[in-house]
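Contents: one structure, followed by commentary.
In full-length UniProt numbering, the protein residues as written are 1 to 336.
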């Protein structure tokens with residue numbers, strides 16, 4: 001077993017320690033206390049971390065793994081535990097654990113909190129803050145569509161989260177989509193599942209097929225990847241939340257926003273008999289070709305305000321140079 005954390009003092013219960021080059025535990029910065037240490041090692045020397053977590057229920061599937069709701073026995077804290085099955089060499093496994101160390105330093109109201117990570121029995125477990133409102137894809141299934149006022153709140157949270165990751169941690173999210181935007185009953189909106197570990201991304205690449213429909217065209221063509229690509233994924237997610245339907249996964253000759261505009265105005269998402277009669281699922285290569293070569297999706301005029309429609313359009317410019325940057329998007333009145 002490889003685990004993160006060792007006991008140094010038990011006062012603040014905030015951030016885990018750093019990891020050394022070989023995947024072991026390094027020195028903690030002054031004032032940084034490892035909650036991971038408290039959770040898994042304090043008063044329980046030699047006890048396997050897995051045995052301290054009681055599974056409550058399944059929460060769903062994330063990229064490359066299953067997410068379950070658990071309770072930490074000693075503290076009673078409820079958290080979300082993501083289990084990622086990996087068949088990799090020990091050196092790769094240690095590199096993944098090492099790369100996850102950036103999560104120790106995430107301290108933003110727009111990023112899901114991190115309790116710690118450990119490896120055992122062929123799985124990496126990542127223990128995170130439990131968000132009781134779950135993810136926006138689940139919210140969307142129940143709500144049908146998300147109102148513009150709420151979309152504005154979501155926009156502010158996601159943009160602040162992306163900005164924090166880039167400016168404070170120098171990392172890109174790489175996987176913005178509704179299932180990676182979480183909410184809770186306090187009204188907080190937070191990002192999760194960002195691409196902190198390149199080794200983990202590479203090791204689970206075959207599980208990311210569903211993610212590709214949110215990828216920017218430049219990512220699919222192998223061009224340089226930047227935060228502009230995250231903005232495309234963000235804009236696409238907003239359109240999906242606004243219309244209540246994935247906008248690129250389905251297609252047919254006559255299928256476009258104008259065709260199902262009336263369905264939207266009747267207060268329903270595009271589904272049921274209408275969906276069965278018109279769109280068809282695309283094969284993966286057809287999907288990738290569609291994203292790269294077809295016009296970018298756009299909200300139908302009249303569904304939401306012109307200002308918010310312009311906001312999403314600026315996120316979905318095919319050329320990343322023409323796409324709005326973070327600072328420009330933050331100035332839009334339509335999201336405030």
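We put the beta carbon where it would ideally sit given N, CA and C, even for glycine.
- Shown here, residue 283 sits in coil according to DSSP, grouped into three states, outside any helix or strand.
- The continuous alpha helix (DSSP H) containing residue 96 extends over residues 90-99.
- No residue range can be given for residue 332, since it is assigned to no alpha helix (DSSP H) and is classified by DSSP as neither H nor E.
- Taken through DSSP and simplified to helix, strand or coil, residue 296 comes out as coil.
- In the DSSP assignment, residue 191 falls within the unbroken beta strand (DSSP E) covering 189-191.
- Sequence-distant partners of residue 90 (beyond 5 residues in either direction) whose C-beta falls short of 6 Å from its own C-beta are missing from its chain.
- The secondary-structure analysis by DSSP pairs residue 85 across a beta bridge with 123.
- Secondary structure note for residue 243: its alpha helix (DSSP H) is the uninterrupted segment 227-243.
- Using a 10 angstroms sphere on the CB of residue 57, the tally of other CB atoms stays under 16, which defines it as exposed.
- With a 10 Å radius around the Cβ and a threshold of 16 neighbouring Cβ atoms, residue 142 comes out exposed.
- In terms of CA proximity to residue 222, 292 leads the group 292, 316, 323.
- Taking all protein chains shown into account, residue 180 has 16 or more neighbouring C-beta atoms within 10 Å of its C-beta and is therefore buried.
- The three-state reading of DSSP puts residue 146 in coil, since its state is none of H, G, I, E or B.
- For residue 326, the secondary structure class from DSSP, reduced to helix, strand or coil, is helix.
- For the 8 Å CB-CB criterion, residue 153 and residue 189 form a contact.
- Note on geometry: alpha-carbon atoms of residue 228 and residue 242 lie some 21 Å from one another.
- Following the DSSP letters along the chain, one finds residue 220 inside the alpha helix (DSSP H) bounded by residues 217-220.
- Shown here, residue 290 sits in a helix according to DSSP, grouped into three states.
- A check of alpha carbon separations from residue 74 across 147, 53, 186 identifies 53 as the nearest.
- A straight line joining the alpha-carbon of residue 97 with that of residue 117 spans about 7 Å.
- Taking the CA atoms as reference points, residue 194 sits about 30 Å from residue 300.
- With 16 or more other Cβ atoms inside 10 Å of its own Cβ, residue 246 counts as buried.
- A residue is called buried when at least 16 other Cβ atoms come within 10 angstroms of its Cβ; residue 309 meets this threshold and is buried.
- Under DSSP, residue 78 takes part in a beta bridge, and its partners are 71.
- Restricting attention to 105, 156, 103, 102, the CA atom closest to the CA of residue 231 is found in 156.
- Residue 92 has its alpha-carbon roughly 38 Å from the corresponding atom of residue 185.
- Taking a C-beta distance under 8 Å as the contact criterion, residue 108 and residue 177 do not qualify as a contact pair.
- Secondary structure at residue 185: coil, using DSSP grouped into helix, strand and coil.
- For residue 55, DSSP records a beta bridge to 70.
- Judged by their CB atoms, residue 114 and residue 131 are not nearer to each other than the 8 Å cut-off.
- Under the 10 Å beta carbon count, residue 101 is surrounded by 16 or more other beta carbons and is classified as buried.
- Counting along the chain, residue 211 sits inside no alpha helix (DSSP H), nor does DSSP assign it H or E at all.
- Across the set 333, 315, 334, the C-alpha of 315 shows the shortest separation from the C-alpha of residue 325.
- Of the other Cβ atoms in all chains shown, 16 or more fall within 10 Å of the Cβ of residue 140; this residue is therefore buried.
- With fewer than 16 other beta carbons inside 10 angstroms of its own, residue 283 counts as exposed.
- DSSP places residue 130 outside both helix and strand once states are collapsed to three, so it counts as coil.
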